[in-house]
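K.L.:
Let me begin by handing over the structure; questions about it come next.
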Ligand SMILES: [Ca+2]
Ligand SMILES: [Ca+2]
């Protein structure tokens, strides 16, 4: 959104809010936003049990952040031993998450775009032990690739590669369709799928398509496009958002063995103008709980469980790229609806909940200025 539009949108806000910069510190908002650091094309973050923060940067760096009370007081170190990434387009370093038993095994899981034969690429997930020194830096030890997209294809888009652990200790990976459309329906490929693995990358015997063998055995759900958000709620339901084609961004409840219909159906249509039949025409495919048109370009997802914002417990938060907004989604059992949208005036890549219950954002940070790490804390808190 342009400054001009913002000024217009803010013209009815309080004078004090205008003086403070309106969009970032709007008086009607329950939070204040504080810059806590700045990174080069940050993609993901996760908090360590000691309150420090790991931040991945798309070009292939993993940063360790010791947070101060403001950006100038935060110290940024580096984790060595990260895998080589295929940087370009939407590809590079991706997600970073901790094993559920991280405190005892120090295992971290990383996703990234990996170069293949010729001009091909594909998402990969590796795990390694995180070894921290007392200088604010660290290293990855025993790095092991445990999963890959099959097949590797040309192009630099739609890797997906978000990672989440379930309460059952299983590892879930969003594997987007690499802008190749039909692999999302092809069980000889794991593109356009959500996969479920054991924490060592082996395939659980109780997966829905286990009897088919091959990569089909990894698949939990299919018919997906570009999934950049994957998170469990407190009741154990798995939610995802995916970037749809034109006018077809989706928020989905992920269910065992279900087919979400892409590219056969979508409530949006192809960017070149070709029609895609809507979900209502093919009820055998699972329909989204929310369709966004115009799109919001959902980049990252959490389900909030903290107490800093008690009214928001159990709500989903979506980091919006093209929408430049933090979107609050109210979950009610197996239903979902957008409840609120906070304009943040920058493309948002990632949202996380801190150990303090505050909301943390990473801006996409294209360009020289970098992407800011923002802490959203209760006003007056
Ligand atoms: Ca994260
Ligand atoms: Ca359509």
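Residue numbers (the working numbering): 8 to 388.
For glycine and all other residues, C-beta sits at the position ideal for the given N, C-alpha and C.
(1) Anyone know if the C-beta pair for residue 171 and residue 104 falls short of 9 Å?
(2) State the start and end residues of the unbroken beta strand (DSSP E) segment that holds residue 38.
(3) I need the straight-line Cα distance from residue 18 to residue 169, nearest angstrom please.
(4) Applying the criterion that 16 or more other CB atoms from any shown protein chain within 10 Å of the CB defines a buried residue, is residue 203 buried or exposed?
(5) Considering just the uninterrupted stretch of the beta strand (DSSP E) at residue 54, what are its terminal residues?
(6) Could you please give the first and the last residue of the uninterrupted alpha helix (DSSP H) stretch that includes residue 111?
(7) Please identify the residue among 35, 67 and 71 whose C-alpha is closest to the C-alpha of residue 380.
(8) Closest by CA to residue 126, which one among 116, 198 and 158?
(9) Looking at residue 274: is its Cβ nearer than 9 Å to the Cβ of residue 251?
(10) Output needed for residue 300: all residues of its chain with C-beta closer than 6 Å, excluding positions within five of it in sequence on either side, in chain order.
(11) Quick one: what does DSSP say residue 384 is sitting in, helix, strand or coil?
(12) Taking the alpha carbon of residue 86 as the point to measure from, which residue in 98, 73 and 80 has its own alpha carbon closest?
(13) I need the straight-line Cα distance from residue 29 to residue 350, nearest angstrom please.
(14) Let me know the secondary structure DSSP gives residue 277 once reduced to three states.
(15) With a threshold of 8 Å, establish whether the CB of residue 146 neighbours any heavy atom of ligand 1.
(16) Which value, in whole angstroms, describes the spacing of the CA atoms of residue 313 and residue 117?
(17) So within the region 149-221, which uninterrupted alpha helix (DSSP H) runs reach at least 4 residues, ignoring any that extend past its ends?
(18) Indicate the three-state DSSP secondary structure (helix, strand or coil) for residue 248 in the structure shown.
(19) From the DSSP output, which residues share a beta bridge with residue 327?
(20) Considering residue 73, what are the terminal residues of the beta strand (DSSP E) in which it resides?
(21) So what's residue 127 in DSSP terms, helix, strand or just coil?
(22) Apart from the five residues just before and just after residue 149, which ones in its own chain have a Cβ nearer than 7 Å to its Cβ?
P.N.:
Here's the rundown:
(1) Residue mapping note: residue 171 aligns to position 164 of the chain shown, counting from 1. Residue mapping note: residue 104 aligns to position 97 of the chain shown, counting from 1. It is a contact, given that the beta carbons lie within the stated cut-off.
(2) In the chain shown, residue 38 corresponds to position 31, counting from 1. Its beta strand (DSSP E) spans residues 38-46.
(3) Position 11 of the chain shown, counted from the first residue, corresponds to residue 18. Position 162 of the chain shown, counted from the first residue, corresponds to residue 169. Note on residue 18: pLDDT 43, under 50, position unreliable in the model; the coordinate value appears next. Roughly 39 Å separates the two Cα atoms.
(4) The residue given as residue 203 occupies position 196 in the chain shown. Buried is the call here.
(5) For the purposes of this step, residue 54 is taken as the residue at position 47 of the chain shown. Its beta strand (DSSP E) spans residues 49-54.
(6) Taking the chain shown and counting its residues from 1, the one referred to as residue 111 is at position 104. Run containing residue 111: 109-112, per the alpha helix (DSSP H) assignment.
(7) Here residue 380 is taken as the residue at index 373 of the chain shown, counted from 1. It is 71 whose Cα lies nearest to the Cα of residue 380.
(8) As a first step, residue 126 must be located in the chain shown, where it is residue number 119. The residue with the shortest Cα to Cα distance from residue 126 is 158.
(9) Indexing the chain shown from 1 puts residue 274 at position 267. Indexing the chain shown from 1 puts residue 251 at position 244. For the 9 Å CB-CB criterion, residue 274 and residue 251 form a contact.
(10) Stepping through the chain shown from its first residue, residue 300 is reached at position 293. Setting aside the 5 residues that flank it on each side, residue 300 is surrounded in the same chain by 254, each with a C-beta closer than 6 Å to its C-beta; the list follows chain order.
(11) Taking the first residue of the chain shown as 1, we reach residue 384 at position 377. Looking at residue 384 - three-state DSSP - the assignment turns out to be strand.
(12) Counting from 1 along the chain shown, the entry for residue 86 is found at position 79. Taking only the C-alpha atoms, the option nearest residue 86 is 73.
(13) Here residue 29 corresponds to residue number 22 of the chain shown, with the count starting at 1. Here residue 350 corresponds to residue number 343 of the chain shown, with the count starting at 1. Confidence is the limiting factor: at residue 29 the pLDDT is only 46, short of 50, which leaves the residue's position unreliable and the question unanswerable from this model.
(14) Against the chain shown, residue 277 aligns to sequence position 270. Three-state result, residue 277: coil.
(15) Here residue 146 corresponds to residue number 139 of the chain shown, with the count starting at 1. No, Cβ of residue 146 sits at least 8 Å from all heavy atoms of ligand 1.
(16) Here residue 313 corresponds to residue number 306 of the chain shown, with the count starting at 1. Here residue 117 corresponds to residue number 110 of the chain shown, with the count starting at 1. Near 25 Å, if we compare the C-alpha coordinates of residue 117 and residue 313.
(17) The region 149-221 contains no whole alpha helix (DSSP H) run of 4 or more residues.
(18) As a working mapping, residue 248 is identified with position 241 in the chain shown. Residue 248: strand per DSSP, three-state reduction.
(19) Locating residue 327 in the chain shown gives position 320, where the first residue counts as 1. BP columns for residue 327 point to 305.
(20) As a position in the chain shown, residue 73 is number 66, starting the count at 1. Element bounds for residue 73: 68-73.
(21) What you label residue 127 is simply residue 120 of the chain shown in a count that begins at 1. Collapsing the DSSP output to three states places residue 127 in coil.
(22) Here the question's residue 149 lines up with position 142 in the chain shown. 135 and 136, listed in sequence order.
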